[in-house]
Amino acid sequence: MNVGLMKGVAFLLMIPVCTQTATVNSVIATINTGVTPAGLAVTPDNNFAYVANNNNYGIAGQDSVSVLNLNTNLPLTIITDVSFDQPYTVTINAAGTKAYVTNSNGSTVTVINIPANTVSAVITGFDGPSGFVIVPNTDRAYVNNYGGPIAGSGNGTTIMMVNLLTNLITGSPITVAQAPAAMAITPDGTRLYVACYVDGNDGTGVVDVVSTSSNTVIATITGFSGPFDIAITPDGNYAYVANFGSNNFAPFGTTVSVIDLSSNTIIETITVGIQPSGIAVAPNGKLVYVTNYNTLYAGSSFTDLTAGQGTVNIIDVASNTVLPPTIAVGLSPDAIAIAPDGEFAYVSNYASNTVSVIALSTFQFMSGTGCQVVNKFLMQQDVVNELTWTVSGATLPISYAIYRDAGLTDLVATVPATGTSMIYLDHNLNPNSTYTYYIVGINTANTASNPLEIVVTESC
Amino acid sequence: MLTMKSSWVSLLLLSSVMCVSARDVILEFKLAYFRPTGACFRQIYGHSAALYGPEVTVQLCDNNSHWYGFASVDYLSKSGRSIGLCDKTKVSLLPLAVGIKCFAPSPCKKADFYLGAGIQPTRVHTRDCSADVNPRQTSWSVGGIFKAGAYLYAPHCVVIDLFVDYSVVRARGKNNCCGSSTVIPLKANVGGAIFGVGLGYLF
């Protein structure tokens, strides 16, 4: 166990907090994009995001992909190409060298070279492609045909396989249920889960399970309500499905279904906000983030479509419960992507033409205790509170701020983090008094965690 | 300062009652095993320490007197760890002593036995290695010392002193640390039992 001990010389170890820290699970930046941003993806180095500007209004020349600089949280460039036709999703390969853009109003997938940000190829032969999943450690990918020029939007029923070396479709189409809206693949690449929207009504949606070795549907999971996105936990044990609900917005969906992938059954249905749309699992597999689109008809007979407050819910994977806070983002939050380092989530706000940047928790406090010890010398003694806590996570804190009040204004000390286990000694206290501490971890992204409360009442 | 003054005044008074015609003077250097009686002292610095220093013993009044005066300066230094957080600490004791020894008549001309008592002004100095306490403390206290021993007479006026002393001294800490610090000063028992040997010369 790596114990960081800061005793006695706390004043020597104090480090100045020169930059403003962000509160965990809060929006720290909003970045402008093109028209009606939909799918987005982050490069493996966490430096850039590619956003498909869906251009739902069909404005000439606005079918594009925005490239965002995630170090500055500013737009870097906008890529346009004649192949773009209502770009809907972006998928970046593991090497971070190519971005695949599905053109949902057409029949192609556009390939962008990274970092040149130029179009290098166009893969043809689809029908309203709306998702692109690369099989891990292979040169194969799957594309879902939601339905486009051929079958009509929402009437597609096939999945196609693409050879990424030749940028050509290979094999025969795999028939799935109506309107395959999103896909997710297990970490071992053996099974592809396809969320089929069908007609969006309560209970009609399905998730088809495709074997990637036989390219056949091996199971169909029923009981969804307009499933619109799906994400699988890094351990491959669970899939989370966002039930967007009816496309007519009545009834709208308000749930996320949890699938046990060992049995391919729904084991939990979690109530979230209105119209859960995008869904993503944090890299550490502990939390799931869901965007709530919340865009409903304000008038009767499906008129006056109005975007309400878009939000993001956090689901605890261990308990399958919604955790606070509900994070307010822009209008009609559509898709969500989490940076590979887990420090930030990016939400495309379809009706706001923006991307919200959310600071995430990259670590958890595992334990926290405190007790009082009398440090006795021959002719003097010092009453000391000994605080001990442990953390775990993908990115551990680089420092801790220790407060004596819940409002986090009475700062005792700021100390550097030295490992997963920490000890801090607070000196010169009154004996037999109760002290309450609030410890806040600050990670490399300068995001401050929720405080850990430690009450010291007992002697060590 | 008051305790220091009173100590020196006592020493002068003792000297004034010694007759000019005093016969025996023994000057010796002592080395002793100090066993502290204070529980706190023992916990911090251990159960033993070395004590050493010179002592002079002067016969009072005339050469038939059994009463002698003595004066000594000793020194002790020991490192330890605080109770609780085990911070480093070091103590130095400088016991001064003046008093009376009474020699018992001995049938043996090779040895004399004595009992004694005196006052013992003691300087206690500590260095405590913790950022949040007084790093150094110095205290003067006056205690008492009780002595028992035997002088063994060797040829050429050489004297060997075998002795057991018992000192009673309490020191008191001060709170002069760190502005708003709530460091708590403590009374400390720095006395103990002393078992030692001295090598001296009989003038």
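Protein chains in written order, with the working numbering: chain A, 71 to 530; chain B, 4 to 206.
Backbone N, C-alpha and C define an ideal beta-carbon position, used for all residues, glycine too.
Helix, strand or coil: which one does DSSP assign to residue i?
| i | result |
| --- | --- |
| residue 206(B) | coil |
| residue 128(B) | strand |
| residue 45(B) | helix |
| residue 158(B) | helix |
| residue 178(A) | strand |
| residue 112(B) | coil |
| residue 404(A) | strand |
| residue 89(B) | coil |
| residue 255(A) | strand |
| residue 267(A) | coil |
| residue 528(A) | coil |
| residue 278(A) | strand |
| residue 196(A) | coil |
| residue 262(A) | strand |
| residue 338(A) | strand |
| residue 61(B) | strand |
| residue 47(A) | Shown here, chain A extends from 71 to 530; a query on residue 47(A) therefore has no answer. |
| residue 177(B) | coil |
| residue 248(A) | coil |
| residue 380(A) | strand |
Does any C-beta atom of chain A lie closer than 8 Å to the C-beta of residue i?
| i | result |
| --- | --- |
| residue 44(B) | yes |
| residue 40(B) | no |
| residue 79(B) | no |
| residue 123(B) | no |
| residue 161(B) | no |
| residue 172(B) | no |
| residue 191(B) | yes |
| residue 186(B) | yes |
| residue 82(B) | no |
| residue 146(B) | no |
| residue 25(B) | At residue 25(B) the pLDDT is 44, less than 50, meaning the model places this residue with poor confidence and gives no usable figure here. |
| residue 87(B) | yes |
| residue 119(B) | no |
| residue 195(B) | no |
| residue 152(B) | no |
| residue 199(B) | no |
| residue 176(B) | yes |
Please compile the residues from chain C whose C-beta is within a distance smaller than 8 Å of the C-beta of residue i.
| i | result |
| --- | --- |
| residue 49(B) | Note that chain C does not occur in the displayed structure, where the protein chains are A and B. |
Using 8 Å as the limit for Cβ to Cβ distance, is residue i near chain B?
| i | result |
| --- | --- |
| residue 526(A) | no |
| residue 443(A) | yes |
| residue 529(A) | no |
| residue 502(A) | no |
| residue 517(A) | no |
| residue 481(A) | no |
| residue 498(A) | yes |
List the whole-angstrom C-beta distance separating residue i from residue j, where the pair is believed to meet the contact cut-off of C-beta under 8 Å.
| i | j | result |
| --- | --- | --- |
| residue 443(A) | residue 454(A) | 5 Å |
| residue 122(A) | residue 107(A) | 7 Å |
| residue 423(A) | residue 167(A) | 28 Å between Cβ atoms; not a contact. |
| residue 146(B) | residue 194(B) | 6 Å |
| residue 90(B) | residue 142(B) | Not quite, the Cβ-Cβ distance comes to about 19 Å (not below 8 Å), so this is no contact. |
| residue 100(B) | residue 148(B) | 5 Å |
| residue 494(A) | residue 526(A) | The pair is not a contact, with the Cβ atoms about 11 Å apart (cut-off 8 Å). |
| residue 329(A) | residue 311(A) | 7 Å |
| residue 410(A) | residue 114(A) | 6 Å |
| residue 203(A) | residue 211(A) | 6 Å |
| residue 224(A) | residue 249(A) | 5 Å |
> Listed from N- to C-terminal order along the chain, which residues in the segment 64-76 of chain B have their beta-carbon within a distance smaller than 7 Å of any beta-carbon of chain A?
Replying inline: none
> According to a CB-to-CB cut-off of less than 7 Å, which residues of the segment 89-108 of chain B neighbour chain A?
Replying inline: Those would be 90, 92 and 94, in chain order.
> At which residue ranges does the segment 115-183 of chain A contain complete beta strand (DSSP E) runs of 3 or more residues, listed in the order of the chain?
Replying inline: 118-123, 134-139, 144-150, 157-162, 168-173 and 178-183
>> Under 9 Å, CB to CB, which of the residues in the segment 430-456 of chain A have a partner in chain B?
In response: Those would be 443, 444, 445, 446, 447, 448, 449, 450, 451, 452, 453, 454 and 456, in chain order.
>> Which runs of the beta strand (DSSP E) at least 3 residues long sit entirely within the segment 434-492 of chain A? Give them in chain order.
In response: 450-463, 469-473 and 481-486
>> Output needed in chain order: residues of the segment 128-144 of chain B with a Cβ under 9 Å from some Cβ in chain A.
In response: Correct list: 129, 131, 132, 133, 134, 135, 136, 137, 140 and 142.
>> Extract the residue ranges of the beta strand (DSSP E) inside the segment 348-373 of chain A, only unbroken runs of 3 or more that lie entirely within it.
In response: Within the segment 348-373 of chain A, the complete beta strand (DSSP E) segments at least 3 residues long are 357-362 and 365-369, listed from N- to C-terminus.
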